[in-house]
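Inspection log for the structure reproduced underneath, given as structure tokens.
Encoded structure:
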């Protein structure tokens, strides 16, 4: 099969499979997400520090041309925060770059600058792709284009003014980092004030291109944290320290929500409600799709144990109630995606975490078995 990748405007080895695109693949008004973290070959990380926006524009153009008659909802980048922060600040995800003091597994990187450079170029890459779609394809293909952002919700740890400001800084550094340029053309004031010259600047032309470069927002929500104020760091500067926030999941001996199979994710449905209402009020009530929401449990090998996911049933029930409350508050939410249809290879956790509403038997030819959560969602949708 012929594949293409756009690098410096020239095709080279990518996952646009023409035989599939032209003959076999025929979804009715389907969704497509352009690459999550796999666009840039590792050999080019040194040169690009992430996605080179002009190459992404050319790649997106190719996808719009080949798939646009079938695809009516496009998302350009899924979770730019994850790629920029965990890939370039802590170095836990690919490409594993960070300052040496942050993670001794990182062989190169700068946690004080590279996350911001990568995030900046992903915003430009998104905006360039959106510009191409709107100018060349939208009138004929009659689709929409957006971007998927991820964020936790942050509650102030105490009633002090300092912690209230810390909670605001926390969401600015995670969510505002991307949504503010998309709505106003510039980064949040908190980031500009604290990061200063290490934060890249948009030209006037770039700011105009980025501002309003979406028809809808995809929002991924999994959990919430408490936020408390900390003093500025004088040494070992990094993205994760710039916000001057300590994030925790416990307050006065009580967890913020019910534990799940992941040590960093807790079930906090009220956080989804608050996050959606916050987005409505601060960012002019955009059209939203909740593009990921779910929980993991620990890997088990037995099918009988694996399919009886009572906690996940309760997780979805409570989060859908929170979503319904947001709808009643006037938030425009057009869709909700449960993460995930199948148990998957979960980042650096591999197969040790299971997010699916269907159990995958890794010991028996990957047979699929509906979990209680999948059956519950089916019943819910048929009501």
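Residue numbers (the numbering used here): 16 to 398.
For every residue, glycine included, the Cβ atom is placed at its ideal position computed from N, Cα and C.
Member of 70, 79, 237 and 140 whose CA lies at the smallest distance from the CA of residue 353: Of the candidates 70, 79, 237 and 140, 237 places its Cα closest to the Cα of residue 353.
Backbone CA spacing between residue 65 and residue 398 [nearest angstrom]: Residue placement at residue 65 is poorly supported in this model, since its pLDDT is 49, which falls under 50; the coordinates still yield a value, given next. In a straight line, the C-alpha of residue 65 is about 45 Å away from that of residue 398.
Rounded straight-line distance, which links the Cα of residue 279 to that of residue 316: As the crow flies, the alpha-carbon of residue 316 is around 23 Å from that of residue 279.
Spatially closest choice to residue 387 from 217, 173, 325 and 337, by CA coordinates: For residue 387, the nearest C-alpha among the options comes from 325.
Run through the DSSP bridge pairs and tell me what residue 385 is partnered with. The partner list for residue 385 (beta bridge, DSSP) reads 373.
Assess contact between the stretch 302-312 and the stretch 324-341, defined as three or more Cβ pairs (one per stretch) separated by less than 8 Å. Is contact present? Output reads yes: the stretch 324-341 touches the stretch 302-312.
Which class does residue 294 belong to by DSSP, given the choice of helix, strand or coil? Three-state DSSP puts residue 294 in a helix.
Chain D within 8 Å of residue 348, Cβ atoms only: Any reference to chain D falls outside this structure, which holds one protein chain only.
Endpoints, the alpha helix (DSSP H) within which residue 349 is located: In this chain, residue 349 is not harboured by any alpha helix (DSSP H); it is covered by the beta strand (DSSP E) spanning 348-353.
For residue 167 and residue 239, which I take to be in contact (beta-carbon distance under 8 Å), what is that distance rounded to the nearest angstrom? 6 Å between Cβ atoms; contact.
Per DSSP, cross-strand counterpart(s) of residue 304: According to DSSP, residue pairing for residue 304 in a beta bridge involves 233 and 350.
Buried or exposed: where does residue 320 fall if 16 or more other Cβ atoms within 10 Å of its Cβ makes it buried? Taking a 10 Å sphere around the C-beta of residue 320, we find fewer than 16 other C-beta atoms and assign the residue as exposed.
Within 8 Å, strictly: CB atoms of residue 149 and residue 129: No, these two residues do not count as a Cβ contact at 8 Å.
Rounded distance between the beta-carbons of residue 233 and residue 161, thought under 8 Å: The C-beta separation of residue 161 from residue 233 comes to about 6 Å, placing the pair in contact by the 8 Å criterion.
For residue 121 and residue 109, the rounded distance between their alpha carbons: Here the C-alpha atom of residue 109 lies approximately 10 Å from the C-alpha atom of residue 121.
Endpoints, alpha helix (DSSP H) assigned at residue 193: Run containing residue 193: 192-199, per the alpha helix (DSSP H) assignment.
Which residue's Cα is closest to the Cα of residue 231: 214, 295, 177 and 304? Closest option to residue 231, Cα to Cα, is 304.
Out of 210, 251, 143 and 181, which one is the CA nearest neighbour of residue 229? That would be 143, whose Cα lies nearest to the Cα of residue 229.
Spatial distance of residue 345 from residue 336 (CA atoms): Roughly 15 Å separates the two Cα atoms.
Where residue 319 sits in the DSSP three-state scheme: In the structure shown, the three-state DSSP call for residue 319 is helix.
Of the listed residues 212, 97, 360 and 288, nearest to residue 381 (C-alpha basis): Nearest C-alpha to residue 381 among 212, 97, 360 and 288: 360.
How is residue 344 classed by DSSP in three states: helix, strand or coil? In the three-state scheme derived from DSSP, where H, G and I count as helix and E and B as strand, residue 344 is classed as coil.
Excluding the 5 residues flanking residue 135 on each side, which residues of the same chain have their C-beta closer than 6 Å to its C-beta? Apart from sequence neighbours up to five positions away, the residues of its chain that approach residue 135 with a beta-carbon distance below 6 Å are 215, ordered along the chain.
In the DSSP output, what is residue 162 paired with across the bridge? The partner list for residue 162 (beta bridge, DSSP) reads 232.
Per DSSP, what are the beta-bridge partners of residue 172 in this structure? Bridge partners of residue 172: none, in fact.
Is there contact here, the stretch 218-225 with the stretch 184-201, by at least three beta-carbon pairs under 8 Å? Contact between the stretch 218-225 and the stretch 184-201 is established, with three or more Cβ pairs separated by less than 8 Å.
Could you name each continuous beta strand (DSSP E) segment of 3 residues or more that falls completely within the stretch 249-273, going from the start of the chain to the end? Entirely contained in the stretch 249-273, the beta strand (DSSP E) runs reaching 3 residues are, in chain order, 260-263.
Can you find at least 3 beta carbon pairs, one from the stretch 292-304 and one from the stretch 249-268, that sit closer than 8 Å? Flag = no, the stretch 292-304 and the stretch 249-268 do not touch.
Tell me the DSSP secondary structure of residue 128 in three-state form. In the structure shown, residue 128 sits in coil (DSSP, three-state: anything other than H, G, I, E or B).
Please tell me whether residue 190 and residue 209 are closer than 8 Å, where the distance is taken between their beta carbons. Against a cut-off of 8 Å, the Cβ pair of residue 209 and residue 190 comes out as no contact.
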